[in-house]
Each structure stands twice: as C-alpha cells, then as structure tokens.
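Asker: Those letters in the sequence shown? Residues 20 to 683, per our numbering, in order. Where a beta carbon is used, it is the ideal one built from N, C-alpha and C, also for glycine. Pasting a structure here, questions to come.
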Amino acid sequence: MDLGKHSQLSNHAWAVADLLRGDYRRHDYGKVILPFTVLRRLECVLDSTRDAVADAADKGEEREFFLRRAAGHNFYNISRYTLKKIAGDPKHAALLMNQYVAAFSDNAREVLEKYDFAQQIKKLDEADLLYQVVGKFADLDLDPRAVPNQAMGYIFEDLIRRFAEASNETAGEHFTPREVIELMVNLLIAPDADLLRDSGVVRTVLDPACGTGGMLSAAEEHIKTFNPGATVKAFGQELNPESWAICRSDLMIKGQDPDHIAFGNSFTDDGHLRERFDYLLANPPFGVEWKKIKTQIEDEAAREPEGKFQAGLPRINDGSLLFLQHMISKMKTPALGGSRIAIVFNGSPLFTGAAGSGESNIRRWILENDWLEAIVALPDQLFYNTGISTYFWILSNRKSPDHQGKVILLDAREYWQKMRKSLGDKRKAIGEDQIREITRLYGEALSVADDPEHPLHGKVKIFGNEDFGYRRITVERPLKLRFELTEETLAKVRTSLTVYNPIAAGSDIGVSDQLEAIRPLLGSTWWTKIEAFSALHAAVAAAGRPWPTKAPFLKSLRDAIGVKDPKGEVQRKKKSDPHPEPDPDLRDFENVPLDEDVEDYLKREVLPHVPDAWIDHEKTKIGYEIPVTRHFYVYTPPRPLAEIDAELKSLEAEIQSLLSEVTE
Numbered sequence: 020m021d022l023g024k025h026s027q028l029s030n031h032a033w034a035v036a037d038l039l040r041g042d043y044r045r046h047d048y049g050k051v052i053l054p055f056t057v058l059r060r061l062e063c064v065l066d067s068t069r070d071a072v073a074d075a076a077d078k079g080e081e082r083e084f085f086l087r088r089a090a091g092h093n094f095y096n097i098s099r100y101t102l103k104k105i106a107g108d109p110k111h112a113a114l115l116m117n118q119y120v121a122a123f124s125d126n127a128r129e130v131l132e133k134y135d136f137a138q139q140i141k142k143l144d145e146a147d148l149l150y151q152v153v154g155k156f157a158d159l160d161l162d163p164r165a166v167p168n169q170a171m172g173y174i175f176e177d178l179i180r181r182f183a184e185a186s187n188e189t190a191g192e193h194f195t196p197r198e199v200i201e202l203m204v205n206l207l208i209a210p211d212a213d214l215l216r217d218s219g220v221v222r223t224v225l226d227p228a229c230g231t232g233g234m235l236s237a238a239e240e241h242i243k244t245f246n247p248g249a250t251v252k253a254f255g256q257e258l259n260p261e262s263w264a265i266c267r268s269d270l271m272i273k274g275q276d277p278d279h280i281a282f283g284n285s286f287t288d289d290g291h292l293r294e295r296f297d298y299l300l301a302n303p304p305f306g307v308e309w310k311k312i313k314t315q316i317e318d319e320a321a322r323e324p325e326g327k328f329q330a331g332l333p334r335i336n337d338g339s340l341l342f343l344q345h346m347i348s349k350m351k352t353p354a355l356g357g358s359r360i361a362i363v364f365n366g367s368p369l370f371t372g373a374a375g376s377g378e379s380n381i382r383r384w385i386l387e388n389d390w391l392e393a394i395v396a397l398p399d400q401l402f403y404n405t406g407i408s409t410y411f412w413i414l415s416n417r418k419s420p421d422h423q424g425k426v427i428l429l430d431a432r433e434y435w436q437k438m439r440k441s442l443g444d445k446r447k448a449i450g451e452d453q454i455r456e457i458t459r460l461y462g463e464a465l466s467v468a469d470d471p472e473h474p475l476h477g478k479v480k481i482f483g484n485e486d487f488g489y490r491r492i493t494v495e496r497p498l499k500l501r502f503e504l505t506e507e508t509l510a511k512v513r514t515s516l517t518v519y520n521p522i523a524a525g526s527d528i529g530v531s532d533q534l535e536a537i538r539p540l541l542g543s544t545w546w547t548k549i550e551a552f553s554a555l556h557a558a559v560a561a562a563g564r565p566w567p568t569k570a571p572f573l574k575s576l577r578d579a580i581g582v583k584d585p586k587g588e589v590q591r592k593k594k595s596d597p598h599p600e601p602d603p604d605l606r607d608f609e610n611v612p613l614d615e616d617v618e619d620y621l622k623r624e625v626l627p628h629v630p631d632a633w634i635d636h637e638k639t640k641i642g643y644e645i646p647v648t649r650h651f652y653v654y655t656p657p658r659p660l661a662e663i664d665a666e667l668k669s670l671e672a673e674i675q676s677l678l679s680e681v682t683e
C-alpha cells in the first residue's frame, strides 16, 4: 500500500474532527475517531462472513467456538447491521448503534467499552451528530483486501499520533515518540540480526507498561524487516483504560490476538503470571509513586524472598526500578534461549540511593548477575511531557562470551535535530541517519574489547561490572572530652542524680543536698574523667551524702559534665576495645572503589589529615551507581581573563555608542 493511499485514509478518518468542532474540545477528538476507526475496521474484516455468523446465531449455535469458526476470526458480531444501514436511519441511530455494539463478541465489545463508547454515542446523538459521524465512517474503505494489516497499523498509529499531539500536555503518559521506539528496538535486537533471519522463527515480545502499544508494533515491524516470514507474538499490560483500549484495538486490527493485552496493574495483578518472553521493552512513567500498592508490594517482597522484588524496593516516590525487576522476572532462562530487555529511565535509577538502599541493592543485583549490557544516554527534550535527560538500559541474560562481565556506556546526547514545531516539552527528534549511526556504534561496541585506542572511544566506553561498585566505609575519630562544672552542666547533673538517686530512684529526695555539696566546685575544669569524678565524689562524701556509683549513672554523669575538646581526654568504653569511643559529630563516610583496599585508601587519603582516624568495618556497605555523564565529562578550561576583559570593553563601547545616538 502506497503512502498516498495511507495518508488519504488517515485524513478521511481525522476529517470527522470538522464535525466535532464546537461540541468537543480538540484534545477529545480521539475519543470519537479512534473507536469508530476500530469499529469500521472490525466491520470490514467481518464483512465476508457477516451472514454466516448471523445465520449460526439464528440457529442457536451460540457457543463461542462455533461463532468464531463461522467468523473466521477470534472475534465476531452476530447482528446484520452495518454502519451504512445505521446512518440511513437518523432517528434511531443511537438505538441501532447500541444494539450493534452489543452484538460483538466479548473481547471486541470490551475494547469499545473502555473507550466509554456508549457515552460517546449518547453525546453525539444529543448534538445531532451521530448519524453524520456514522455516515463518514461508513464511507471509509478499510477492507483488508485493500488495506492489509500492516497498512492498517500505520493508519491507526497515525491517528494515535494526531490524538497525542492534539493533547500534548499529557501525551507522554501514553505515547512514546516513534523515533525513540525505533532506536530502542534497534538496540534491543542488535545482536540477533542473523538469528532472526532463520526460517520459521517465532519471537514473543512483552511491554508491561504498553500504553497505546507503539513499542509492540515497532518491535513486530522491525523483526519482520529482517525476516518477513517471522511470527511475532505481542503481549502487554496497561493500567489506563483508554490506552489499554487503543493498544488492544491496534493489535486486533492487525490480526494479533487482543487477549494478549492484559488490563490492570502489572505488579499486583500480573496478566502474564507464568509466561516468559524473548524480548521485553517498556517506557514506564518517570518518578511515579507506588504508595497505593505499597502493602501488596511489601507483602510480596516479604513472602517471596526469591521473587521478583528479592533485590530490594526503591523509594516510595519512584517505582521505575519495580518495572525493571518485574521484567527481569519475565526473562527466559539461558537454557531456553534467554531474553533481552530495553527500558527507558530518567537519570534517577542510575545513582539515587546510597550503599545499602533499595535502589543501590537493585543495581548491585543486576550487575553482580551480569545482566546489564549497556546504558545509552539520550538527548534531552525528546518526550512530550518532560524535557529531562533520559537513558536506555539494555539487559540480557545471554551475553556473548566476549562481552560477559562488561557494560557499554554510549553517549548519544549529541545525536539530535531540532523540530520545526515543539510538541509540549518535545523540541528535539532523532533523525533516521542518527538512528543508523547510534545503532552502528552499538553493534561495534558489542564486538570490541576495552581498547583505549579504539576509534569508538569518545562516544563509547566499556567498563567491567565491578567498576560501578564501591564500599561505603565509616571513618571514625575518637571522642575527646574535658570536664567542667558550670550552671549549665550542673542542671544536667541534677537530671542524672534524679534518675539514679540511690535513696529513691526517680525522685529528687536528697538531690538538693548533693547539688549543694558540689556547688563550690562551680567553675572547675578537669582534663581527665577520673579527676572529675574523684573531685565530685569527695565533695559529696565530705558533706555526708550518698553518691551513685553504678555504671549507668557514671555514663550519664560523664555526658553531663563532659565538653568536646580537641585537646581533651580520649574516651574508651572498655579498656579492651581496639579503638576509642567514636565521636558521632566527627564521623565521616567515604566511597572506595571495590578494587581498592580500604586500609590503603585510609592511609593515603585520610590519615595524613586526621592521624587518629580508623574504619569501623562492621558498618561497611557495598553500593553500586552508574555515573554515565561523569565518564563522558570533558574539561573545558575557562577563557583567558584578557579575552573576557577585551569583550567587556567592546560591549561597553557599543553601549556608549547606542546611548549617544539616543541622546542626539
């Protein structure tokens, strides 16, 4: 089918917008045009068997099997109505339309219901537009003999794109730019080009956040460019009912099984629970919290230590890494051929979370299992609803032997072209030549060693998995105290005596006498704890008053009269402890690469500055982060001062000249 015919049919369907103008807002046009396009396609597909299905229904053969067999498809309609007949009866158009829709099989009717089609019929009828819209679509020739499935897919995707652009303030929530999908699919199947050319090849593809299904369509299309005879089975799941309906419609009108698109939350209501897939790809929402399903997620993580959330849970305000864990759980084992994953993230999953956090533990799990194949940094301003920088994560559990234990970082941030017209936050696009170049770089990176002289370097760098790991060490310094009795510390001593009073614990009986006994020592300073305790004890004993001697009181007393001082006495909890008592206010943390000895790091980086420091090894944690932009940072020296000064003088002279012209 030529592009001219494709555009003509797409324009015919979208021309209904002229009828809707005034009664519908621009961003609601798709709510009418998309379901009517689906309805007309289904009608055209079923046209040749309409009478056979109706006859079977009239004979009482209402079992699903017989009706599907009569229709020749996995959906059917048992009525004898057509859109043309309904358009010819304006007075009863709404009644006939509702009866017509109700006559569809459950899987087709469910799609139309998710479009809230009954409400649209009512609204169009009240505006006296229904028979006109029905008539427009009755004239749209979508017969599969003239418009094969692939061409129908292009037409429907074009309508989805127009709908998304008409409502570009929210388009990114259910629509990924076509060039981003194309590049993503290229990288996903990059190592499999030869494999996909085999005869009779069958591949399954899953998108657990499929939106309107653009990624599934692109994956199918791309695989078939390598092998027209390949069978691609698309699976997906979507939470938004309208997006789910669009995706299911798209697959239905292309001849795919619509039942493969599940409705609901992928985490809590997995529509493909026991299935595993060859390829998995997704563009999940960025920075969306998962508070609503917090209980279910945490219960599963606690109940199934070997389940899909075994590595950890990200912070509550961003569920991106939940999607990735879910996708990893859907990979085939290497023994069954393995799987490949591509997912779009913003920068947060690369580095958010310190060592020991949920995010860091998830990254650690992925890297230590050698699943991460590459991170690709994309240009900013690529998406409709955000201008932030984005990244592809490519994962595989069947890496080639040459690439095992390695990760590719590819900097594609400069591969973009400015759009003639912005669409929401989308101001940049990746051109076809740029997609080919990025794909070429990626393919070469998969087959080269980490040679710093290789021409790939600059845009591509290759690291070992452990290069992204580090030990977060806790550097302690000793607590040093001097001891003094002031009005402030005396008040603290009162509190300690009240709690640990040997006469009546928890009361202040005798406390006043004890305080009066030590009050003459106000203003005294001692440089050792034993000197301070001895002086206080002696003063109370001389007054004939009791004095607590148990360890809890002595600890409380030390904290009451102790003042931190770099020249003070080093404190120890026990004489046998290998290190002094640490000062929490002087505690510091350092990230040390996994391939470096932490004691060597301490000697080189810390002890020259603070010789009394030590590492508390019990608090050491292992973390992982992937600082992509840092690895591609190129230092740009500042301009010479003379050059800046000359420019300022030139601008000053220009301003003076303009001012003189104004005053003359």
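Decide if Tyr434 is buried, meaning its Cβ has at least 16 other Cβ atoms within 10 Å, or exposed.
Answerer: The residue is buried, with at least 16 neighbouring Cβ atoms inside 10 Å.
Asker: DSSP three-state label for Ser441, please.
Answerer: Three-state result, Ser441: strand.
Asker: Using the C-alpha atoms, what's the distance from Ser98 back to Gly91?
Answerer: For Gly91 and Ser98, the distance between alpha carbons rounds to 16 angstroms.
Asker: Rounded to the nearest angstrom, how far is the Cβ of Val617 from that of Lys499, given a contact under 8 angstroms?
Answerer: In fact, because the Cβ distance is near 24 angstroms, the residues do not count as touching under 8 angstroms.
Asker: Could you pull out every unbroken beta strand (DSSP E) segment of at least 3 residues lying fully inside the stretch 238-274, listed in chain order?
Answerer: The stretch 238-274 contains these whole beta strand (DSSP E) runs: 250-257.
Asker: What residue does the alpha helix (DSSP H) around Trp546 start on, and which one ends it?
Answerer: Neither: Trp546 is in no alpha helix (DSSP H) and is coded neither H nor E.
Asker: Around the C-beta of Arg222, are 16 or more other C-beta atoms found within 10 angstroms, so that it is buried, or is it exposed?
Answerer: Buried, since its Cβ has 16 or more Cβ neighbours within 10 Å.
Asker: Would you call the CB atoms of Ser339 and Ser367 closer than 8 angstroms?
Answerer: The answer is yes: Cβ separation under 8 angstroms.
Asker: Distance, Cα to Cα, Arg359 vs Ala393?
Answerer: The alpha-carbon atoms of Arg359 and Ala393 are separated by roughly 11 angstroms.
Asker: Just to confirm before moving on: does the CB-CB distance between Tyr150 and Ser124 stay below 8 angstroms?
Answerer: Cβ distance not < 8 angstroms, so Tyr150 and Ser124 don't count as in contact.
Asker: With 16 other CB atoms within 10 Å as the buried threshold, where does Asn205 fall?
Answerer: Buried, because 16 or more other Cβ atoms sit within 10 Å of the Cβ of Asn205.
Asker: Taking the C-alpha atoms as reference points, what is the distance between Gly191 and Arg181?
Answerer: Note on Gly191: pLDDT 44, under 50, position unreliable in the model; no value is reported.
Asker: Using the Cα positions of Tyr134 and Glu261, report the straight-line distance between them to the nearest angstrom.
Answerer: In a straight line, the C-alpha of Tyr134 is about 6 angstroms away from that of Glu261.
Asker: Assuming contact is defined by CB atoms lying nearer than 8 angstroms, are Ala157 and Lys110 in contact in what I supplied?
Answerer: No, the pair does not count as a contact, with Cβ atoms beyond the cut-off.
Asker: Could you check what DSSP says for Leu300 in three-state terms: helix, strand or coil?
Answerer: Correct three-state label for Leu300: strand.
Asker: If you follow the alpha helix (DSSP H) that Ala71 is part of, which residue opens it and which one closes it?
Answerer: Where Ala71 is concerned, the enclosing alpha helix (DSSP H) stretches over 69-77.
Asker: Closest to Val252 by CA distance: which of Gly477, Ile265, Leu299 is it?
Answerer: Just to set this straight, residue 252 is Lys in the shown sequence, not Val. Ranking the options by Cα distance to Lys252, first place goes to Leu299.
Asker: Which same chain residues, not among the five before or five after Ala137, have their C-beta less than 8 angstroms away from its C-beta?
Answerer: Excluding sequence neighbours, Ala137 sits near Asn117, Val120.
Asker: Helix, strand or coil for Ser466 per DSSP?
Answerer: Coil at Ser466, not helix or strand.
Asker: Classify Ala523 as helix, strand or coil using the three-state DSSP reduction.
Answerer: With a pLDDT of only 49 at Ala523, under the threshold of 50, the placement of this residue in the model should not be trusted; the figure read from the coordinates follows. Ala523: coil per DSSP, three-state reduction.
Asker: Would you report the Cα separation of Pro497 and Lys425, rounded to the nearest angstrom?
Answerer: C-alpha separation (whole angstroms): 42 angstroms.
Asker: So for Leu428, helix, strand or coil by DSSP?
Answerer: Leu428 falls in the strand class under three-state DSSP.
Asker: Could you check what DSSP says for Ser415 in three-state terms: helix, strand or coil?
Answerer: In this structure, Ser415 counts as strand in the three-state DSSP scheme.
Asker: My assumption, with CB atoms under 8 angstroms, is that Pro227 sits in contact with Ser285. Please give the rounded CB distance.
Answerer: Going by Cβ atoms, the distance from Pro227 to Ser285 rounds to 4 angstroms, so yes, they are a contact pair.
Asker: Is it buried or exposed, Lys427, if we count other Cβ atoms within 10 angstroms and call 16 or more buried?
Answerer: The sequence given here places Ile at residue 427; Lys does not occur at that position. Burial call: buried.
Asker: Arg455: which of Met203, Lys418, Phe296 sits nearest, CA to CA?
Answerer: Out of Met203, Lys418, Phe296, Met203 has the C-alpha closest to the C-alpha of Arg455.
Asker: Report all residues from its chain with a CB closer than 8 angstroms to the CB of Leu86; omit the five preceding and five following residues, and keep chain order.
Answerer: These residues qualify, in order along the chain: Val72, Ala75, Ala76, Glu80, Tyr95, Ile97, Ser124.
Asker: Is the stretch 444-453 touching the stretch 242-258, taking contact as three or more C-beta pairs under 8 angstroms?
Answerer: Counting Cβ pairs under 8 angstroms, fewer than three are found: no touch.
Asker: Within the stretch 566-648, note down every full alpha helix (DSSP H) run reaching 4 residues or more, in order along the chain.
Answerer: Fully enclosed alpha helix (DSSP H) runs of 4 or longer: 570-580, 617-620.
Asker: Per DSSP, Val494 is paired with what?
Answerer: Note: Val494 sits in a beta bridge opposite Asp607, Ile634.
Asker: From this set, Val307, Gly483, Lys445, Lys440, which residue's C-alpha is nearest Leu391's C-alpha?
Answerer: That would be Gly483, whose Cα lies nearest to the Cα of Leu391.
Asker: Report the partner residues of Gly483 according to the DSSP bridge assignment.
Answerer: According to DSSP, Gly483 bridges with Lys425.
Asker: Can you tell me the Cβ-Cβ gap for His5 and Ile174, rounded? I've got them flagged as a contact below 8 angstroms.
Answerer: Because residue 5 is not part of the residues shown, which for the chain are 20 to 683, the question remains open.
Asker: Kindly provide the ranges of any alpha helix (DSSP H) runs that are 4 or more residues long and lie completely inside the stretch 335-393, ordered along the chain.
Answerer: Qualifying alpha helix (DSSP H) stretches, in chain order: 339-347, 367-370, 377-387.
Asker: Note down the Cα distance separating Ile316 from Thr287, rounded to an integer number of angstroms.
Answerer: Roughly 7 angstroms separates the two Cα atoms.
Asker: Using the C-alpha atoms, what's the distance from Lys440 back to Trp33?
Answerer: About 20 angstroms.
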